[in-house]
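Read through the structure below, which is laid out as structure tokens, and then see the notes.
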Amino acid sequence: MGVVLFEHLKLVDKPKKTKTGQYSTGEDVLTKLAYRHPIVEKILEYRSLTKLKSTYVDSLPKLVKPRDGRIHTSYNQAVAATGRLSSNNPNLQNIPIRTERGREIRKAFIPRNKEYVLMAADYSQIELRIIAHLSKDKAMMDAFRKGMDVHIATASRVYGVPLEQVSKDMRRHAKVVNFGIIYGISAFGLSERLKIPRREAAEIIQSYFEKYPGIREYMEKTIEFAREHGYVETILGRRRYLSDIRSANGVVRAYAERNAINAPIQGSSADMIKIAMIRIFNEMQRRNMKSKMILQVHDELVFDTHKEEVEDLKILVDDKMKNALKLDVPVVVDINTGNNWLKAH
DNA sequence: AATTTCACG
DNA sequence: ACGTACGTGAAATTA
């Protein structure tokens with residue numbers, strides 16, 4: 009495809025290459041070329057459809073176990089460097105939800121029989137709450153304590169406008185910035201995602217750190233800690249060792265520094281949901297409940313719930329998830345039920 | 001067998 | 001000038 013796009017159609021003079029020298033044809037690259045030839049959009053559409061068909065529609069039905077008519081995943085507890093679980097054979101942590109066609113696939117996940125419903129319990133903004141807790145930034149803690157929409161609160165501060173005057177675009181930008189913070193933001197990365205000039209992205213980041221000085225200090229201190237000790241750790245003390253944190257190569261070192269920022273946040277979130285899972289399981293056993301905890305998707309737990317247990321389980325899950333770790337900000341859990349996984353969201 | 005792409009949080 | 005946001009797994013493609 010690279011040969012057709014870049015040698016025959018010559019869509020650009022200097023095609024972007026992958027690290028092994030092949031023409032890059034990923035979604036980002038193609039989206040930027042879409043206006044140059046109508047085939048590009050067709051390729052993107054084809055890609056999205058074949059992805060869903062090959063990975064989910066054709067594959068999952070083959071994995072139904074004749075024994076019980078269900079699909080069973082495996083969870084690995086010792087793969088992800090941050091302490092997250094990972095799921096394989098099949099991966100049930102990446103079932104589609106973001107597109108309309110993808111959501112059709114999610115509807116196929118249903119309770120065991122008519123006496124049951126699916127219950128999904130999600131942490132709301134857990135990683136931002138954890139960074140608020142770890143950094144003790146006053147403004148970020150204040151936003152959560154007041155029960156505000158944190159992206160609107162961020163937009164209001166960064167753009168210097170009253171809460172009521174935050175536009176949709178301002179909130180969207182602030183949301184991307186908040187995510188960027190968790191990942192170890194760069195002006196380049198932010199400018200790519202917001203499709204704005206790098207200079208503007210740099211200004212937004214500067215403004216962000218002026219309004220949330222505690223977060224900047226936390227990030228600096230965390231990198232400093234990593235440099236001194238060679239690792240960072242989560243709230244429960246799980247360590248991630250960062251051998252490249254003192255590298256003389258700036259690119260390699262910057263990667264390690266982003267890991268130093270991200271690992272305590274992502275890892276503490278993993279700590280928290282694991283504690284909740286253990287306590288929920290134990291309590292469900294103690295009460296001889298019929299319902300079963302069936303999936304974990306990083307900040308979400310899914311239960312096959314006996315209809316008579318819905319109200320009790322909701323209260324139990326809400327309590328155990330909220331109180332798994334004591335944070336200095338409120339923890340919010342959204343819980344819904346439905347006759348399929350999509351409806352339970 | 002390694003790489004690329006893309007699905008999720 | 002460099003290379004560029006964190007963590008995974010599966011399918012298709014390329015070498």
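Mind the numbering: the first sequence is residues 9 to 353 in my numbering, read in order. Glycine included, every Cβ here is placed at the ideal spot set by N, Cα and C. Computed from a predicted model, the values in this text were never measured in an experiment.
Own chain, CB closer than 6 Å to residue i, minus 5 neighbours either side, in chain order
{"i": "P179", "result": "The sequence shown places Arg at residue 179, rather than the Pro named in the question. Hits under 6 Å: H159, I160, A163."}
{"i": "R246", "result": "G91, G275"}
{"i": "V174", "result": "I160, A163, S164"}
{"i": "K328", "result": "A284, R287, I288"}
{"i": "I231", "result": "E265, A268"}
C-alpha distance - residue i paired with residue j, whole-angstrom precision
{"i": "K144", "j": "T39", "result": "40 Å"}
{"i": "R207", "j": "R294", "result": "58 Å"}
{"i": "F187", "j": "A88", "result": "20 Å"}
{"i": "P205", "j": "S199", "result": "6 Å"}
{"i": "R78", "j": "S62", "result": "19 Å"}
{"i": "S94", "j": "I281", "result": "13 Å"}
{"i": "D326", "j": "L13", "result": "52 Å"}
{"i": "T58", "j": "I51", "result": "10 Å"}
{"i": "N267", "j": "A209", "result": "21 Å"}
{"i": "P46", "j": "L17", "result": "11 Å"}
{"i": "V72", "j": "A352", "result": "22 Å"}
{"i": "E68", "j": "Q85", "result": "Here residue 68 turns out to be Leu, not Glu, going by the sequence shown. Cα-Cα distance, rounded: 23 Å."}
Cβ separation of residue i and residue j, assumed to be a contact under 8 Å, to the nearest whole Å
{"i": "L182", "j": "V166", "result": "As written in the sequence, residue 182 is Ala, which differs from the Leu given in the question. About 6 Å separates the two Cβ atoms, so the contact holds."}
{"i": "H314", "j": "E123", "result": "6 Å"}
{"i": "L309", "j": "M301", "result": "6 Å"}
{"i": "I253", "j": "A264", "result": "4 Å"}
{"i": "V341", "j": "K334", "result": "Rounded, the Cβ-Cβ distance is 15 Å, inconsistent with contact."}
First through last residue of the alpha helix (DSSP H) which encompasses residue i
{"i": "A148", "result": "For the record, residue 148 in the displayed sequence is Met; it is not Ala. Looking at the DSSP string, the run of the alpha helix (DSSP H) that includes M148 is 146–153."}
{"i": "I253", "result": "Looking at the DSSP string, I253 is not in any alpha helix (DSSP H), and its letter there is neither H nor E."}
{"i": "S199", "result": "195–202"}
Range covered by the beta strand (DSSP E) that runs through residue i
{"i": "T313", "result": "308–314"}
{"i": "Q304", "result": "300–304"}
{"i": "E241", "result": "239–241"}
{"i": "I113", "result": "Taken as a continuous stretch (DSSP letters only), I113 belongs to no beta strand (DSSP E), being part of the alpha helix (DSSP H) at 108–114."}
{"i": "Y131", "result": "124–131"}
Cutoff 8 Å; reference residue i; Cβ partners in own chain excluding five residues on either side
{"i": "V185", "result": "T162, V166, I193, L198, I212, I213, Y216"}
{"i": "Y226", "result": "I139, L142, S143, K144, D145"}
{"i": "P98", "result": "S67, L68, L71, I79, T81"}
Closer than 7 Å: residue i CB and nearest the ligand FMN heavy atom
{"i": "Y83", "result": "By its list of ligands, the structure shown contains no ligand whatsoever, and the ligand FMN lies outside what it can speak to."}
Same chain, Cβ closer than 7 Å to residue i, neighbours up to 5 away in sequence not counted
{"i": "A278", "result": "T90, G91, R92"}
Is the stretch 226–245 close to the stretch 129–136, with three or more CB pairs under 8 Å?
-> no
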